[in-house]
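Colleague:
Numbering (our numbering), first residue to last: 164 to 294.
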C-alpha cells in the first residue's frame with residue numbers, strides 16, 4: 164500500500180509554533196496538529212502547503228526547508244507526513260477548518276493532545292530546541 168502524501172507546516176512566529184485543533188465534526192476531533200493537507204496531483208509539497216495554509220488559515224507563507232518525514236498508519240489511511248518550516252508573510256489568521264489555534268513554545272508541544280502522526284515531529288522539535 165502506497166502512503167498518501169501529506170504536508171505539515173511548522174509555522175514560526177516570535178519563537179513559537181502554531182498548532183491547530185481539529186474540529187468536533189472531523190476524524191480525530193479535538194486533537195491538535197501542525198496545519199497542512201494532502202498533496203494534489205501535479206503539486207509540489209511546498210505548493211501544497213502554501214495552498215492549504217491559505218485555504219485553512221487565510222495566510223500567505225514562505226515555506227522553508229524540509230524538517231522531517233514520518234509515516235503513520237491510521238485505521239482509515241496510511242500517510243507520509245512531510246513537515247516543513249514556514250513563516251507567515253501576509254494575512255490575518257482566520258479559522259476556516261479548525262476549532263482553535265495556539266502559538267506554542269517548542270518545549271510545550273507535547274503538553275497538547277496531538278494527532279498521532281504529528282507526535283514524532285513535536286518530539287524532535289521539543290528535543291532540538293531545548294538541548
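Heads up, the beta-carbon is just placed ideally off N, CA and C, and yes, glycines get one too. Being a predicted model, the structure only gives us computed values, none of them experimental.
So, is residue 236 buried or exposed, given that buried needs 16 or more other C-beta atoms within 10 angstroms?
Modeller: It counts as exposed.
Colleague: Going by DSSP, what residue range makes up the beta strand (DSSP E) through residue 228?
Modeller: Looking at the DSSP string, the run of the beta strand (DSSP E) that includes residue 228 is 223-236.
Colleague: Under 8 Å: do the stretch 191-202 and the stretch 175-183 share three or more Cβ pairs, one atom per stretch?
Modeller: Segments in contact, yes.
Colleague: Out of 191, 281, 256 and 248, which has the shortest C-alpha to C-alpha gap to residue 230?
Modeller: Answer by Cα proximity: 248.
Colleague: Short of 8 Å in beta carbon distance, which residues of its chain neighbour residue 294, apart from the five on each side in sequence? Order them along the chain.
Modeller: In this predicted model, residue 294 has a pLDDT of only 47, less than 50, meaning its place in the structure is not dependable; the value taken from the coordinates is given anyway. Answer for residue 294: no residue qualifies.
Colleague: Quick one: Cα of residue 169 to Cα of residue 244, how far?
Modeller: Cα to Cα, the separation comes out at about 5 Å.
Colleague: Quick check on DSSP: helix, strand or coil for residue 180?
Modeller: Strand, per DSSP.
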